[in-house]
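If you're matching them up, the sequences are chains A and B in order. Count the first sequence with this note's numbering and you get residues 1091 to 1437, in order. Count the second sequence with this note's numbering and you get residues 1091 to 1437, in order. Cβ coordinates follow ideal geometry from the N, Cα and C atoms, glycine included. Heads up, the thing below is written out as structure tokens.
There are 2 protein chains.
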Amino acid sequence: MTRNSHESVRLNQRIVAKKAGVSSATVSRVINGSPAVKEETAKHVRRILEELDFIPNPIATTLKYGRSKTYGVIIPDITNPFYPEFLRNFEEALVENDFELQLATTEASEPKLVNSVRRMIMRQVDGVVVMASEYETRAIEPLFNHRIPIVTVDRRRVEEGSSDVAIDFEDGYRKAVVHLRELGHERIGFIGGLIGIHTSEVRLDAFRQALEFSGLKYDPKFTRTGDYRVAGGDAAMRSLLKEARQPTAVVTVNDLSAFGVLRALHACGIQIPKQMSVIGWDGIQLANAVYPALTTVHVPARDLAQACIKALDHSKANIGRRGLQLSVRGSLVVRESTGTVPARNRS
Amino acid sequence: MTRNSHESVRLNQRIVAKKAGVSSATVSRVINGSPAVKEETAKHVRRILEELDFIPNPIATTLKYGRSKTYGVIIPDITNPFYPEFLRNFEEALVENDFELQLATTEASEPKLVNSVRRMIMRQVDGVVVMASEYETRAIEPLFNHRIPIVTVDRRRVEEGSSDVAIDFEDGYRKAVVHLRELGHERIGFIGGLIGIHTSEVRLDAFRQALEFSGLKYDPKFTRTGDYRVAGGDAAMRSLLKEARQPTAVVTVNDLSAFGVLRALHACGIQIPKQMSVIGWDGIQLANAVYPALTTVHVPARDLAQACIKALDHSKANIGRRGLQLSVRGSLVVRESTGTVPARNRS
DNA sequence: TCCGCGCATGTATTCGTATACAATTCAGCT
DNA sequence: AGCTGAATTGTATACGAATACATGCGCGGA
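In structure tokens, the structure reads:
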């Protein structure tokens, strides 16, 4: 327990073995709980292990056997609170299983995605969750070549070596629109995501289906494009407010966009929800901290994390076979940003 | 470039060498840009490298030389947006230098901190930033034993093998209080951090010094303890509002606490800043998204990240010597949550 | 007594890289 | 030609753990 300032060689199994009067193989077996070793010997070795504060070196195992007990995650933007909430659950589950997390951020830049993929391969990860929705298949191709299990999120396509976890936007937006419909809303706007990104299209499509489901028709005049961040939501809402005919409610592509919407509405002196209702997506913790508290579709980060791990584990056990197509569903959390439609807008 | 489904051995320098008709040493030298190899040979090897899409395996180097080109970061709560903003800058700087980030989260639990430290050692990181303010020295002791450079944040103590980056709360809170003083405030409350945590005491002390600097005296009746999160700020503010004599302004320990304060004030129908001014700490991006936009002391995450890396690099180059004591200063960002003191409270 | 079998443990090897050291080449000069 | 030293390139090795394989020990049955 004291600080050994002059240790020159790293403590390893061989040294432990010498101290315990056994071979390194026995030490390894004890550490890994092999039943082949006599309980008496095991106990003795465990004592020495404890005594020396031995910490194993998984790097050696990784080199020899190619397994690193590490899963990688590639996300577009760690600054969007949804990802930290996801990572928290993901990491927690990993640590429980003695796995490690390898993180990479792309910031919507393709070179960074390519580089992230390369780093994942270098670190010999046992699997990767790719949440960077801008993925072109080209960029993640090297993962396939190196036979590293892949889980995409909301790519909605599964192939040999890759699984997918779809987020059920159809279901979520349906709940959102039904809720607004019940409050009397008929003109519902949508703040979408960056164009050219697959998930943006999926979300918009889902929203359109939701309108249809509620017997409303889609009007592109009520739709704007954001950037999944506050600034984009703000700008989109301001643009929407310039229209002669305005929606009475707005649904957004994620909570950050909704925060931007709230900010724009505050700036323009429009009351929420009295004059305009707002619904977000993600259900990040902070949605309950803003004013007014945001009604949003909550996608449980824990479910998503567990689905990813399940898919990863599955692919690892079935290398070369086609992956799983899983799905995660959200629930509508009604708070203060939605209310009945303004009187003058009632039909 | 095509998917080789039946590669059975991992591509390595030896294979490249054979293909190029040179020795593996030469290949290694080319990869590492050694000047010892003839340009003609180098060019040829580089071509083969490209042709085979060779990705090196740093794991081997880590095993042999103990250097992993990885810095670890231990944080208490990835859900607090300040940390992602820090990590973004930290990771960016690392990736530029071909380093990797190893992340661990403690959630204010000591066993998790101990475990995180252990994981850092197992992964052979070249240095660790410990932002988990609950550190008892005991918990990070193994890092010292393994001679891993350490950077603490706001521990304000430097020793052999560890550096520290102090956050200049004294300066920041002085700016905050001066600002409030200029607006006429004399009764200024404080929402602190969890008790028993070193940084909480540092922050409270700094706030008290700031009051003193502005010629105000500290009143414990205006002080409450939070938890660095929204809920704690909310509860603390509600408690503060029960006092007969109330402050006209509140300064918090971080922005999340301030968000909680805003929420509590909204819930109690108190206008901001007309009836109560609020100042946060951190200057996270979302401080500009809430309503009203939060006046806060912005600590540049980039500066902090760079200071940490500077200290880490220094300790790595000077192992065994005492580390650096650095400091990061914030700036007051005045937005909408602060205003002149309510008329009836003017002195 | 001795054989054989199973349990317990030991020995040897491999993973991919960087580098110390050895070997080779080659130009320049006498 | 022969020598010298610099410029290139090659050979051999170690890092630490897991495991295939070898070995040894003890005990029961013939």
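CB contact flag (residue i, residue j, <8 Å)
| i | j | result |
| --- | --- | --- |
| Val1368/B | Leu1346/B | no |
| Val1340/B | Ile1257/B | no |
| Leu1352/B | Val1387/B | no |
| Thr1160/A | Glu1190/A | yes |
| Met1210/B | Val1219/B | no |
| Thr1342/B | Gly1370/B | yes |
| Ala1348/A | Gly1373/A | no |
| Arg1412/A | Glu1249/A | yes |
| Leu1153/A | Ala1115/B | no |
| Leu1416/B | Ala1397/B | yes |
| Val1127/B | Arg1119/B | yes |
| Ile1362/B | Phe1312/B | no |
| Asn1179/B | Arg1392/B | yes |
| Glu1175/B | Thr1242/A | no |
| Val1215/B | Gly1156/B | no |
| Ser1290/A | Ala1401/A | no |
| Gly1350/A | Met1366/A | no |
| Ala1135/A | Val1117/A | Per the sequence presented here, residue 1135/A reads as Val, with Ala not at that position. Cβ atoms of Val1135/A and Val1117/A: closer than 8 Å. |
| Pro1239/B | Gln1375/B | no |
| Gly1316/B | Gly1359/B | no |
| Arg1246/B | Val1292/B | yes |
| Glu1272/B | Ala1229/B | no |
Close beta carbons around residue i, own chain, < 8 Å, minus the five adjacent residues each side
| i | result |
| --- | --- |
| Gly1222/A | Looking at the sequence shown, residue 1222/A is not Gly but Ala. Cβ within range, chain order: Ile1164, Ile1165, Pro1166, Thr1196, Ala1198, Leu1203, Ser1206. |
| Arg1425/B | Ala1377, Asn1378, Pro1382, Ala1383, Leu1384, Thr1385, Thr1386 |
| Lys1364/A | Gly1429, Pro1432 |
| Gly1410/A | Arg1237, Glu1250, Gly1251 |
| Glu1302/A | Tyr1308 |
| Asn1344/A | Asn1170, Phe1172, Gly1283, Tyr1318, Gly1370, Trp1371, Asp1372 |
Where residue i meets chain B, residues with beta-carbon distance less than 8 Å
| i | result |
| --- | --- |
| Thr1169/A | Pro1171, Pro1174, Glu1175, Arg1178, Gln1375 |
| Tyr1381/A | Leu1352, Arg1353, His1356, Val1380, Tyr1381 |
| Glu1200/A | Going along chain B, no residue has its Cβ under 8 Å from Glu1200/A, so there is no contact; the nearest lies around 15 Å. |
Cβ shell of residue i (< 6 Å), same chain only, five flanking positions each side left out
| i | result |
| --- | --- |
| Leu1177/B | none |
| His1275/B | Thr1338, Ala1339, Val1431 |
| Ser1329/B | Arg1314 |
| Arg1419/A | Asp1258, Asp1261 |
| Tyr1263/B | Ala1296, Phe1297, Ala1300 |
| Arg1319/A | Leu1346 |
| Ala1132/B | Val1120 |
| Ser1405/A | Pro1239, Ser1253, Gly1413 |
| Gln1192/B | Thr1160, Gly1162, Arg1213, Val1215 |
| Leu1294/A | Gly1282 |
| Asp1244/A | Ala1256, Ile1257, Thr1289 |
Where residue i meets chain B, residues with beta-carbon distance less than 9 Å
| i | result |
| --- | --- |
| Met1212/A | Ile1145, Pro1146, Asn1147, Pro1148, Ile1149, Glu1190 |
| Arg1208/A | Ile1145 |
Neighbouring residues, chain B, relative to residue i (Cβ below 7 Å)
| i | result |
| --- | --- |
| Leu1193/A | Leu1191, Leu1193 |
Per DSSP, the bridge partner or partners of residue i
| i | result |
| --- | --- |
| Val1050/A | No statement about residue 1050/A is possible, as the shown extent of chain A runs from 1091 to 1437 and does not include it. |
| Ile1164/B | Ala1194/B, Val1220/B |
| Asp1254/B | Thr1242/B, Gln1415/B |
| Glu1249/B | Ser1252/B |
| Thr1313/A | Phe1280/A |
| Ser1367/B | Ala1339/B |
| Asp1372/A | His1388/A |
9 Å Cβ cut-off: residues of chain A touching residue i
| i | result |
| --- | --- |
| Glu1226/B | Under the 9 Å cutoff, chain A gives no residues; its nearest Cβ is about 14 Å from Glu1226/B. |
| Glu1302/B | Result: empty, since nearest Cβ-Cβ is about 32 Å, beyond 9 Å. |
| Phe1297/B | Correct list: empty, because the minimum Cβ distance to chain A is about 23 Å. |
| Glu1181/B | Ile1168, Leu1193, Ala1194, Thr1195 |
| Phe1349/B | Leu1376, Ala1379, Val1380 |
Cβ neighbours of residue i in the same chain (closer than 7 Å, five flanking residues each side left out)
| i | result |
| --- | --- |
| Leu1101/A | Leu1142, Phe1144 |
| Pro1148/A | Lys1159 |
| Pro1146/B | Ile1121 |
| Ala1395/B | Phe1176, Asn1179, Phe1180, Ala1183 |
**Request:** Output, in sequence order along the chain, the residues in the stretch 1352-1363 of chain B whose CB is closer than 8 Å to any CB in chain A.
**Result:** Residues of the stretch 1352-1363 of chain B whose Cβ lies closer than 8 Å to any Cβ of chain A, in chain order: Leu1352, Arg1353, His1356.
**Prompt:** Taking Cβ-Cβ distances below 8 Å as the criterion, which residues of the stretch 1137-1159 of chain A are in contact with chain B?
**Reply:** Of all residues in the stretch 1137-1159 of chain A, only Asp1143, Ile1145, Pro1146, Asn1147, Pro1148, Ile1149, Ala1150, Thr1152, Leu1153, Gly1156, Ser1158 come within less than 8 Å of chain B when Cβ atoms are compared, listed by chain position.
**Asked** Relative to chain A, which residues along the stretch 1306-1327 of chain B have a C-beta separation below 7 Å, given in chain order?
**Response** Residues passing the 7 Å Cβ filter: Val1320.
**Prompt:** Going along the chain, which residues of the stretch 1237-1266 of chain A sit with their C-beta nearer than 7 Å to a C-beta in chain B?
**Reply:** Here the close residues number zero.
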